[in-house]
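K.L.:
I have a structure here, written as structure tokens, and I will follow up with some questions on it.
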Amino acid sequence: MATADEETGGQMGAGFVAEQHPELIRDAEYAINEGGATSIELGGKLFFVCSTAEKGSARFTLRGRGEPGHASQPHTRNAILPLARALTRLIETPLPLHVTATARAHVEAMARHLDHGLATTLAELLNPLTHTAAMAALPLAEPVKRRLSASLHNTATPTMLRAGTKINVIPAEATCAVDCRILPGATLASLAQEVRAVVGDEVEIEFGPIYPALESAPDSPLFETISQVIAEHERGAVVIPGLITGGTDAKRVGPLGIKVIGFVPMRYEGASMTGLAHNHNERVSVANLEFGARVLHDVVRRFCGRTGD
118 MATADEETGG QMGAGFVAEQ HPELIRDAEY AINEGGATSI ELGGKLFFVC
168 STAEKGSARF TLRGRGEPGH ASQPHTRNAI LPLARALTRL IETPLPLHVT
218 ATARAHVEAM ARHLDHGLAT TLAELLNPLT HTAAMAALPL AEPVKRRLSA
268 SLHNTATPTM LRAGTKINVI PAEATCAVDC RILPGATLAS LAQEVRAVVG
318 DEVEIEFGPI YPALESAPDS PLFETISQVI AEHERGAVVI PGLITGGTDA
368 KRVGPLGIKV IGFVPMRYEG ASMTGLAHNH NERVSVANLE FGARVLHDVV
418 RRFCGRTGD
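Read in order, the letters of the sequence shown are residues 118 to 426 in my numbering.
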């Protein structure tokens with residue numbers, strides 16, 4: 118199934134197919150979807166990530182209120198001020214650590230293939246008392262660390278600001294849209310408590326619709342097939358479970374009973390080719406495009422029991 122609107126929620130693409138034409142895909146027991154992390158190189162070992170979980174979303178608006186007035190006569194009750202203070206705290210303060218079943222499986226799978234020192238550091242990621250120091254000590258590129266951190270926290274990222282109607286009027290209201298991604302097990306009540314503890318009491322929090330996270334056990338015939346094919350294409354590499362920190366069309370087709378696995382087979386090509394999603398000059402190498410196509414072809418052919426091309 119190829120659709121074009123996953124970045125805008127998937128309602129007219131995968132959502133339309135799942136709701137209006139489920140007969141086209143209902144017989145599929147499994148689906149291979151886009152993934153989150155592709156591969157991680159740590160301690161001389163290459164790990165390919167097969168995502169068996171996906172974060173949900175709970176986007177919200179922060180609103181600061183103040184007193185309007187003429188901008189030529191400034192005062193400290195400008196609505197921008199409480200919002201700015203709240204946003205500074207939200208950007209600088211991570212939400213609490215949460216170790217989901219998938220995150221634990223992800224970290225422990227890597228640790229089993231590394232030396233004692235790196236394995237210990239990875240284990241310390243799962244402890245709130247040692248998490249920050251362990252993350253700093255890991256020899257990983259910053260984009261990889263950000264993704265790993267996001268798999269262990271609910272995240273709330275300010276993205277869109279709005280205040281004022283004229284340049285010479287002090288705004289009485291200032292708002293910020295916050296892109297919030299939630300881990301399996303998060304609820305509106307628990308999330309609201311976490312966010313309020315960070316932003317303080319000067320601003321209002323208004324949540325939009327909440328879409329729960331997805332999580333399934335990695336033990337499946339498809340996961341095993343992916344592991345076998347990767348071992349043949351990349352000697353010594355290991356396939357490990359992981360979590361997609363963004364959102365995909367899996368939420369649209371999952372309710373039909375389809376088991377969705379996120380897998381994009383791409384070799385690690387260094388820090389300069391890491392963390393490019395939604396970034397300047399987003400790109401993929403031709404070599405990795407070819408590698409990924411070959412691996413996916415072999416996975417599907419073997420899993421479906423076909424012998425021809």
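Just so it is clear, CB atoms sit at the ideal spot from N, CA and C, and this is done for glycine as well.
All figures in this text were calculated on a predicted structure; none of them were measured in a lab.
Is residue 415 helix, strand or coil by DSSP?
P.N.:
The sequence position of residue 415 within the sequence shown is 298, counting from 1. Looking at residue 415 - three-state DSSP - the assignment turns out to be helix.
K.L.:
Might you give, ordered along the chain, the residues of its own chain that have their beta carbon closer than 8 Å to the beta carbon of residue 188, omitting 5 neighbours on each side?
P.N.:
Working through the sequence shown from its first residue, we reach residue 188 at position 71. Here the set comprises 284, 285, 286, 287.
K.L.:
Measure the CB-CB distance between residue 179 and residue 295 and report whether it falls below 8 Å.
P.N.:
Walking along the sequence shown from the start, residue 179 turns up at place 62. Walking along the sequence shown from the start, residue 295 turns up at place 178. Contact flag set, yes.
K.L.:
With a threshold of 6 Å on Cβ separation, who are the neighbours of residue 120 within its own chain once the five nearest residues in sequence on each side are excluded?
P.N.:
Taking the first residue of the sequence shown as position 1, residue 120 is located at position 3. Answer for residue 120: 130, 131, listed in chain order.
K.L.:
Could you tell me the boundaries of the beta strand (DSSP E) in which residue 136 lies?
P.N.:
Along the sequence shown, read from residue 1 onward, the residue named residue 136 stands at position 19. Residue 136 -> not in any beta strand (DSSP E); alpha helix (DSSP H) instead, spanning 131 to 137.
K.L.:
Measure the C-alpha to C-alpha separation of residue 335 and residue 380 and round it to an integer number of angstroms.
P.N.:
Locating residue 335 in the sequence shown gives position 218, counting from the first residue. Locating residue 380 in the sequence shown gives position 263, counting from the first residue. C-alpha separation (whole angstroms): 12 Å.
K.L.:
Return the bridge partner residues of residue 166 from the DSSP annotation.
P.N.:
For the purposes of this step, residue 166 is identified with residue 49 of the sequence shown, where counting begins at 1. According to DSSP, which records beta bridges pairwise, residue 166 is partnered with 357.
K.L.:
Helix, strand or coil: how does DSSP classify residue 303 here?
P.N.:
Position 186 of the sequence shown, counting from 1, holds the residue named residue 303. Reduced to three states, the DSSP call for residue 303 is coil.
K.L.:
Measure from the alpha carbon of residue 278 to the alpha carbon of each residue in 185, 181, 263, 256, then state which is nearest.
P.N.:
As a working mapping, residue 278 is identified with position 161 in the sequence shown. Checked all of 185, 181, 263, 256; the closest Cα to residue 278 is 181.
K.L.:
Taking its Cβ as the centre, do 16 or more other Cβ atoms sit within 10 Å of residue 425, making it buried, or is it exposed?
P.N.:
By one-based count along the sequence shown, residue 425 stands at place 308. With a pLDDT of 48 at residue 425, under the threshold of 50, the modelled position of that residue is not reliable, and the figure given next carries that caveat. By the neighbour-count rule (16 or more Cβ atoms within 10 Å), residue 425 is not buried but exposed.
K.L.:
Does the pairing of the segment 139 to 157 with the segment 293 to 308 give three or more beta-carbon distances under 8 Å?
P.N.:
Counting Cβ pairs under 8 Å, fewer than three are found: no touch.
K.L.:
Would you call residue 127 buried or exposed, if buried means 16 or more other Cβ atoms sit within 10 Å of its Cβ?
P.N.:
If you number the sequence shown from 1, residue 127 lands on position 10. Its Cβ being crowded by 16 or more others within 10 Å, residue 127 is buried.
K.L.:
Here's the rule I'm using: 16 or more other beta-carbon atoms within 10 Å means buried, otherwise exposed. How should residue 141 be labelled?
P.N.:
Residue 141 sits at position 24 when you count from the first residue of the sequence shown. Exposed.
K.L.:
Helix, strand or coil for residue 217 per DSSP?
P.N.:
Along the sequence shown, one-based indexing puts residue 217 at 100. Coil at residue 217, not helix or strand.
K.L.:
Measuring straight from C-alpha to C-alpha, what distance separates residue 268 and residue 361?
P.N.:
By one-based count along the sequence shown, residue 268 stands at place 151. By one-based count along the sequence shown, residue 361 stands at place 244. Cα to Cα, the separation comes out at about 8 Å.
K.L.:
For the beta strand (DSSP E) containing residue 387, name the first residue and the last one.
P.N.:
Along the sequence shown, one-based indexing puts residue 387 at 270. Note, residue 387: premise wrong, no beta strand (DSSP E); not H, not E.
K.L.:
For residue 202, which residues of its own chain have a beta-carbon under 8 Å away from its beta-carbon, when the five flanking residues on both sides are left out?
P.N.:
By 1-based counting over the sequence shown, the position of residue 202 is 85. Around residue 202: 317, 319.
K.L.:
Ignore the nearest five residues each way along the sequence and tell me which others in residue 355's own chain have a CB closer than 6 Å to its CB.
P.N.:
Stepping through the sequence shown from its first residue, residue 355 is reached at position 238. Hits under 6 Å: 164, 230.
K.L.:
Does DSSP classify residue 405 as helix, strand or coil?
P.N.:
By 1-based counting over the sequence shown, the position of residue 405 is 288. Of the three classes helix, strand and coil, the one that applies to residue 405 here is helix, per DSSP.
K.L.:
Below 8 Å, how does it come out for the segment 256 to 272 and the segment 213 to 227: are there three or more Cβ pairs, yes or no?
P.N.:
Touching, per the Cβ criterion.
K.L.:
Rounding to the nearest angstrom, what Cα-Cα distance links residue 184 and residue 192 in this structure?
P.N.:
Along the sequence shown, one-based indexing puts residue 184 at 67. Along the sequence shown, one-based indexing puts residue 192 at 75. Spanning the two alpha carbons is a distance of roughly 9 Å.
K.L.:
What are the start and end residues of the beta strand (DSSP E) that includes residue 155?
P.N.:
Here residue 155 is taken as the residue at index 38 of the sequence shown, counted from 1. Neither: residue 155 is in no beta strand (DSSP E) and is coded neither H nor E.
K.L.:
Can you find at least 3 beta carbon pairs, one from the segment 356 to 375 and one from the segment 408 to 416, that sit closer than 8 Å?
P.N.:
No, the segment 356 to 375 is not in contact with the segment 408 to 416.
K.L.:
Can you tell me where the alpha helix (DSSP H) with residue 352 in it begins and where it stops?
P.N.:
Numbered from 1 along the sequence shown, position 235 holds the residue referred to as residue 352. Note, residue 352: premise wrong, no alpha helix (DSSP H); not H, not E.
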